[in-house]
Structure formats: structure tokens, C-alpha cells
Amino acid sequence: MGRQFNIAFKGEVADGFSPDEVRRRFAKSTRRDASALERLFSGKAVTLARNLEFDRARATVERLNAIGAVVYLVDEAGAATRFGTAASANDPVAATPPAPAPAPVPTPEIVVDESSGPLDLSATAKIRHLSQITEKRVVEKGTPADARKTRWRYRFDTFMAKGGGNIFKALTAVFVVTFLFIGVLRGVLLMFAPDIAQQHDVGFLGGLYITFLEITDPGNMAQDIYSGVGYKVFAILAGLAGIVMLSALIAFITTAMDQKIYELKRGRSKVIESGHTLILGWSEQRIAEIIRELVLANESEKDACVVILADMDKEDMDDILRLRVKELATTRVVTRSGDVASVTNLDMVSLESCKSVIILADCDDTDTAERKASSDAKAIQTVLATMGNEIENEDFSVVVEIFNPTHREIVRSSFPDHVITVNTSDILAKLLVQTSRSVGLSTVYNEILSFDGCEMYFYDADWGGSSFGDIGYRFPDGVPIGIRSDDGSIALNPDSDQMLQPTDEILIIADDDSTIELLDAPVAAPVVHALSGDRQEQQIERELMIGWSFKSAAIIREFADYIVDGSQIHVLLKRPTAEQVADIEALDKEIDSIDVSLLEKDCLSIEDLMSVKPFEYDNIIILAGNAVDDTEVDAARVDSENIVALLLLRRIFSQYADESANTKLITEILDSQNDALVAKAGVQDVIISNRLVSMIMAQISESADIERVYDDIFQEDGSEIYLKPVSLYFESLPPEATFADMMAIAQQRDEICIGVKTMAYESDKSRNNGIQLIPEKTRVFNLQPDDKLVVLAEDEL
Numbered sequence: 179m180g181r182q183f184n185i186a187f188k189g190e191v192a193d194g195f196s197p198d199e200v201r202r203r204f205a206k207s208t209r210r211d212a213s214a215l216e217r218l219f220s221g222k223a224v225t226l227a228r229n230l231e232f233d234r235a236r237a238t239v240e241r242l243n244a245i246g247a248v249v250y251l252v253d254e255a256g257a258a259t260r261f262g263t264a265a266s267a268n269d270p271v272a273a274t275p276p277a278p279a280p281a282p283v284p285t286p287e288i289v290v291d292e293s294s295g296p297l298d299l300s301a302t303a304k305i306r307h308l309s310q311i312t313e314k315r316v317v318e319k320g321t322p323a324d325a326r327k328t329r330w331r332y333r334f335d336t337f338m339a340k341g342g343g344n345i346f347k348a349l350t351a352v353f354v355v356t357f358l359f360i361g362v363l364r365g366v367l368l369m370f371a372p373d374i375a376q377q378h379d380v381g382f383l384g385g386l387y388i389t390f391l392e393i394t395d396p397g398n399m400a401q402d403i404y405s406g407v408g409y410k411v412f413a414i415l416a417g418l419a420g421i422v423m424l425s426a427l428i429a430f431i432t433t434a435m436d437q438k439i440y441e442l443k444r445g446r447s448k449v450i451e452s453g454h455t456l457i458l459g460w461s462e463q464r465i466a467e468i469i470r471e472l473v474l475a476n477e478s479e480k481d482a483c484v485v486i487l488a489d490m491d492k493e494d495m496d497d498i499l500r501l502r503v504k505e506l507a508t509t510r511v512v513t514r515s516g517d518v519a520s521v522t523n524l525d526m527v528s529l530e531s532c533k534s535v536i537i538l539a540d541c542d543d544t545d546t547a548e549r550k551a552s553s554d555a556k557a558i559q560t561v562l563a564t565m566g567n568e569i570e571n572e573d574f575s576v577v578v579e580i581f582n583p584t585h586r587e588i589v590r591s592s593f594p595d596h597v598i599t600v601n602t603s604d605i606l607a608k609l610l611v612q613t614s615r616s617v618g619l620s621t622v623y624n625e626i627l628s629f630d631g632c633e634m635y636f637y638d639a640d641w642g643g644s645s646f647g648d649i650g651y652r653f654p655d656g657v658p659i660g661i662r663s664d665d666g667s668i669a670l671n672p673d674s675d676q677m678l679q680p681t682d683e684i685l686i687i688a689d690d691d692s693t694i695e696l697l698d699a700p701v702a703a704p705v706v707h708a709l710s711g712d713r714q715e716q717q718i719e720r721e722l723m724i725g726w727s728f729k730s731a732a733i734i735r736e737f738a739d740y741i742v743d744g745s746q747i748h749v750l751l752k753r754p755t756a757e758q759v760a761d762i763e764a765l766d767k768e769i770d771s772i773d774v775s776l777l778e779k780d781c782l783s784i785e786d787l788m789s790v791k792p793f794e795y796d797n798i799i800i801l802a803g804n805a806v807d808d809t810e811v812d813a814a815r816v817d818s819e820n821i822v823a824l825l826l827l828r829r830i831f832s833q834y835a836d837e838s839a840n841t842k843l844i845t846e847i848l849d850s851q852n853d854a855l856v857a858k859a860g861v862q863d864v865i866i867s868n869r870l871v872s873m874i875m876a877q878i879s880e881s882a883d884i885e886r887v888y889d890d891i892f893q894e895d896g897s898e899i900y901l902k903p904v905s906l907y908f909e910s911l912p913p914e915a916t917f918a919d920m921m922a923i924a925q926q927r928d929e930i931c932i933g934v935k936t937m938a939y940e941s942d943k944s945r946n947n948g949i950q951l952i953p954e955k956t957r958v959f960n961l962q963p964d965d966k967l968v969v970l971a972e973d974e975l
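Going by the working numbering, 482 is the number at position 304 of the sequence shown; the sequence numbering is gapless.
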């Protein structure tokens, strides 16, 4: 038995290593607990291992040096040598006084380095020599042979890391080499010993073929069942190689399929589409509504595509769309994950070949100012990235929702030809005010703004010197409502005697663009009826607004454009903030002729609602409230509170039926899925803010010029849509009247009739609440005194 050695440790760390790093590596290598590590690094000598033979001691020292620990190798005589520092090998540390030189350790256990001089076989010298050997081994790791081996290994790793293609090449190379190696050896054996082969007359190429069969299908080894031992050996080698390579091939295919599925789930593959609508960003409420509208718009196309790019997991997007959008008809929806402002990601979704882009805001109109500012910054960045690409379609449009008016103007002025900015707050404010003044107007807007039902189109034809008023009777389907001149300007509700120029286009409301046709002769001859001289008189009004949001100020200013001096606008809030109080006071000072005041009441308390006598107001608007501080708006909670307030008001109105007969009630909700709940509460006018904004953005993306039409319709100064009593038109109400008759008598008031509201069906949802837009011109109606005409007019009088 050789000499025995002990290994001691005093908590010292080698040069170039940090104590924490060595402690961590020590714990991992030795599996010591925290208390044991504290003892090891206390500075006192601790024996790590005892009675080790020279080879084991050497291996242990190397492992400990590798983790940065300075250790002492102590022989049986007590002589110690330190390993792991830059100190000289001639600097031993004596643990005890040196003893006489022990018997030499057999030299076969030591690799002698001749360059180090004569070998002293004393125990201490052997330990010193072990230090030289260790240092030499460290140096030898950088020899040319090891360097070449490392380089080849690195190249192989790099080659395999490039993907499935290279892995398949490697498998093919292994197969070819194995096949040639076994096949050639079998062929050589066949040349020298053909008689012992079962298939002895197939020749060299035949032997190669048999090898190929045995590799690809080990069952073919039966062809050598009666062959000699050599052939059987080659058959077994071929079969085993085939099994190994088949297993590797199966593993490769499985891995490749998993990788492909993973990549598809990530949504990072290139989209190869053209003429598609590209949606950038994600809003769960609006994305579903926009997709529904685009599906309706694409019904006349055989294969339409909508591509969505959002910073969201693809699987989550697909799951939400499957849940919220049930029917896609001829439209395919493709989703991809990534940053919408990244040029690389925009290239991934084929921005260059799309027909239009819709950029969604990161938040809703009801979110905090900070979130809106962040959303605007992201939207502007996305616009810049989008416009920085070359897009093949010269008529493409970019529709983007931006909240800040300054930001909107900057973006619009920077890209006036292609970018259209949408101001959701102003649009919704105007819609809320207009619909609150005409019961049923929300139904009209829901139909006109949607692709489901009648829509607005631009139409060009040979007018033949006709006037605008005459051509309306020559369309079997549709009613013209405006003219677009050669310079691009749009005039809504022009004079009926205005002559159409050859370069003019008309704006027409029709069921579908495929049904628009200008006939040579009128489809109906209207009967001339005497026009009533009555006009609606403006009176002092009282308006009640329940809730507060960022569009509240716009709503109050919009109301001020409609109502007469001396009217009142009351804002009902439960716990108004100081900012809300200041805003209301500022609006009261700004609008001198109208009283704007605050009522601190709880809209969810029937006692508080009764105290304000809601049945004495002309119009009541229930708003979806804003986010407070940094909290997110919970659409479900907001809608639930609005529905509860609505039910309480309906209860009060039922108790005061006579007093509330003329009170109009309109409710704003966020989630379109709550539409049915509001309808059951007996309210005809509901503004679903997310749905309306989505409809408008989808319409503009399909026809950019429609945006200017909306600007005019939603402005108090321009022509707007109203529902007016038939008594304002017919001096003597006829028992029967065709729709052409209604168009003709509306022209006498410089208005355009686009529909009829039958009050008998006002509460019937299945009959569209009694509203019929652009019916056939020959259709006969039995008008009642309380029925109304849907008209495009300059005012509501």
C-alpha cells in the first residue's frame, strides 16, 4: 500500500476568485450545509479528506483548485504543501516540524516531467512535483491539439444550432457514411468469399442494395440467414444502424413538428397576403366589433383577410376572437404577436401590400389621463413606423385613435394624404347629445354606421343634366344625400334644384353598392301634397347628466349649441372630486346663458333620484364614468351600475307616467354584450360607445372620404339626422302616402327624407323599433299623427 495523504483547508481563496463565488461552488461540490461552510471559511485548518492514496489525493486537489480553493496536501510525516496560489513550489508551509524523509513512493504513480530537472523522490518533493504536473496540465489545455478539438466541437455545435435543416443534413451524412462503410466492406467480402453468401450472385452493387434494405428495414436481415458469419455480422451492423438512425429520424421529425407548432403559437411567421386590412394593437371590446364589421363589409368578396398584430400572446388572441366573433363568412383572420411599432414586425404582417391600417389605442376613452398620454405616444410611434414603409397601394389609409387634440393635429398635418385621426370623445359626445334629443336616432346611427343594413357610398354616373332633386326618384334602391365635387369637397343636403356636373359624384344611402343603379326614368311619381307651415318651437329645457367622464365637457358645450338661453344642465355625482367640481364651475362661467350646476346625489339610491325629480327633465343622459386615479375601468361594473340606475329611473317614470311622458332617456354602456339587458329595461336609445367607435373606424378604413361626411353630420352647424313629426310636413295628413311622396314633401322644407318611424312599433325590437330606412319608393304607408320622418336637415325645427 502506498503513502497516505490528508487534504486540509483554511478558508483561503485562490487569486482571481471571489470568496462568495468559491463559497457557492464549494457548497455545490461538497454538498455542505450552511453551518459546515461557516466552519470551513472561519480561517482555522479543517481536514477535508483523510488517508487518500496519491492518485486520489491528486485528483481531489485538482477539483478543489478548479473551484478556486487553496488547499494543503499533508503527508504522513506532517509536511504540507499549498496548492492554488501563485506562490513558488519551493515555499512549503510546515504544519509540524519536518520529519525524516519517508520511503519513496513508487514512480509509476507519477508522470515525470523531464524538463523540471532531477526528480527527488522524497515525499515533499513528490508533492512539489505534483504541483508542477498540475500546472503543466492546465497549460496543456491550451495546446494546438486541444484547441483544434475545441474549434471542431464549436463548429459542430454552431452547425446543429442553425435548425432542423442542418440536423437533417447531419442525419443524412451519417446514413450515407454508415451505408457506404458497411456496403463497401460487404462488397469486399463478396469479392473474396462469394460462396458463403446467401445472395452470392448479386454482385457488388447488389450487395450495396441489400445493405441499403437492411439499414432502412431491419427485417431484411433475413436475406442473410443462410449466409456466412461475416455477412451476418454486416447484416446485424446494418440492422442496428438502421434502428438507431430510424429512432433519430423519428426524434428529429417529432422535434421539428413541435418546433413548428411552437413557432406558429408564438405568431412570428411571415404573413403572405395582399389587399388585406391590417389592425395594429389590441382592445378586447373594440377588436371584436371591428372584426364583425369587416366581415360584413367583405361578404361580397370570395376570400378576404384581416391581419392583427398586437403585443399579446397569439393563442390568447385566437381564443378571444373565437369566443367573441362567431361567424367569419368569407373573411380569414390571421393573428401575429409582436411590437406594433417595430419595422421588422410590420414587415412580418405584409404592411407593404395592405389596403388599410387601423391603429387601436391601448386604452379606452374612460381611462386615466396618464394612460391616454401613454396610448397617444405609442400610437404616434406606430404611425411613424407605418409611414416609414413603402406601401404598394397608393390609396391606402391609416385610421388611428388619438386622444390629445394637439397630438391629433400634429399627426394629421404631418401625413394629410393617408392618416386619419379619430377623436372618440368628441364623436361620442355629439352622438349622445343628438340621440338624446330624438328618440330612435341611435337606431338610425347604428344602421348607417354599420355594414349591416344600409350604408353610405359614393356613386358616379352620367347625370345627363339632371338636378339633384330629380335623380333621387331614379334609384330603385337608395336615397342621395350629398354631392362630392371634382375638388373633393362634400356638400350634404344640397339644394334640390342644383344641377349635377359630369365630374360630380353623389353620396347615397343604399342597402349595398351592388344594388345602386341609376335608371333612365323615375321608379315612382310622387303625389304633390300641401306643405304644413308648422315648425317646432324652441323652449327652455332642463338636462340631467348622470356621471362624469372626459367627454362630459364636450357634451355640455354641445348641448349649449342646441338649447336656448335660460336652460339648465345639471350634473349628478355621488362623490365629486375637486377637479370635477372645478370643471363644472368653469363650464358654468364659460357658458353665460345656461346654468350648469352640480347635484351631489347617489344615482343608485332611489331616494336621491326621487329628490331631484327626474321626470321634470327634458333629457337624461347616463354616462359611463371615468377611471379614478390609477385604477382600471371595469366595464362590467360600470355597465352594471348604469343598468341599475336605468332601472331605478324607469321605476320612477312608471309612478309618474304623465309627468315623465316627454322625458327622453339615453344610456351609455361599454360592452355590447349588455345591449340585450338594457333593451329589457325598456330603453330604445342606447349608445354602446365601443361599438360605435369600432363601426366608425371600420367604415373609414374601407372608405377614407366617409370621415369628412361624419364630420359634417356630427357638427351642429352642418346637416344632421333628425326624427320629426309628420305634422310638420303634411298640412292634411293623407290616409296613404308612398315613400316617394315623403321624399317630395321633405324637399319642400329643403330636407332629405331617408326613412320613416312608425310609432306603433317603437318598443318592438324585432321591427327595429319601428324605424325603416330607405324603403322602396313605391311602398305605401298608413301614416298616423304621431309617426315621424327620418330626415337630413339643417336644424330640428
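Each residue gets a CB set at the ideal place from its N, CA and C atoms; glycine is no exception.
This structure is a prediction, so every number in the text was calculated from the model and none was measured.
The three-state secondary structure of Y834, taken from DSSP, is coil. Distance check between L961 and each of N398, P913 and S425 places P913 closest, using alpha-carbon atoms only. In the DSSP secondary-structure assignment, Y888 is not bridged to any residue.
Per DSSP, reduced to three states, the secondary structure at G650 is helical.
Rounded to whole angstroms, the gap between the alpha carbons of V411 and I428 is 26 Å. Here F728 is buried: its Cβ has 16 or more other Cβ atoms, across all protein chains shown, within 10 Å. D491 and S515 do touch by the CB rule: their CB atoms are close to 6 Å apart, below 8 Å.
Unbroken beta strand (DSSP E) runs of no fewer than 3 residues, entirely contained in the region 413-466, are found at 455-458, following chain order. Between I952 and D655, the beta carbon gap of about 7 Å places them in contact (Cβ cut-off 8 Å). Around the Cβ of A760, a 10 Å sphere holds fewer than 16 other Cβ atoms; the residue is exposed. Distances from the alpha-carbon of K448 to those of I414, V485, L415 and K480 put V485 closest.
Boundaries of the beta strand (DSSP E) around T513: T509 to S515.
Look at L827 here: in three-state DSSP terms it is helix. Contact between A971 and E909 does not hold, since the beta-carbon distance rounds to 19 Å and is not under 8 Å. A straight-line Cα-Cα distance of about 7 Å links F917 and F959. Here the alpha carbons of S879 and E794 stand approximately 43 Å from one another. Beta-bridge partners assigned by DSSP to F183: L230 and D253. Between the alpha carbons of D895 and R500 lies a gap of roughly 43 Å. Closest by C-alpha distance to Q676, out of A688, D689, D690 and P658, is P658. Here W330 is exposed, its C-beta having fewer than 16 other C-beta atoms within 10 Å. In the DSSP annotation of this structure, the continuous segment of the alpha helix (DSSP H) that includes D786 starts and ends at I784 to S789. When rounded, the separation of the alpha-carbon atoms in V422 and I537 is 53 Å. By the Cβ test, the region 527-546 is in contact with the region 461-479, since at least three Cβ pairs between them sit closer than 8 Å.
Taking C-beta atoms as the reference points, Y651 and V705 fail to come closer than 8 Å. The C-alpha of I649 lies about 22 Å from the C-alpha of D883. Listed as beta-bridge partners of V934 by DSSP are Q950 and L967. The beta carbons of L776 and L751 sit closer together than 8 Å. According to the DSSP assignment, V871 belongs to the alpha helix (DSSP H) that extends over S867 to E880. Contact between V252 and E190 is absent: CB atoms are separated by about 15 Å, not below the 8 Å threshold.
Taking I605 as the centre and dropping the five residues before and after it, the same chain places the C-beta of L870, V871, I874, Y888 and F892 closer than 8 Å to its C-beta, in chain order. For a cut-off of 8 Å, the C-beta gap from N852 to D817 is around 5 Å, short enough to register as a contact. Annotation: the region 520-574 contains the following complete segments of the beta strand (DSSP E) (minimum length 3 residues), in chain order: 534-537. Looking at the DSSP output, Q746 bridges to R720 and D773. Two segments are said to touch when three or more pairs of C-beta atoms, one from each, lie closer than 8 Å; by this definition the region 762-773 does not touch the region 630-637.
DSSP, read as helix, strand or coil, puts V578 in strand. Residue H454 holds the alpha-carbon nearest to the alpha-carbon of V527 among H454, L367, V822 and N243.
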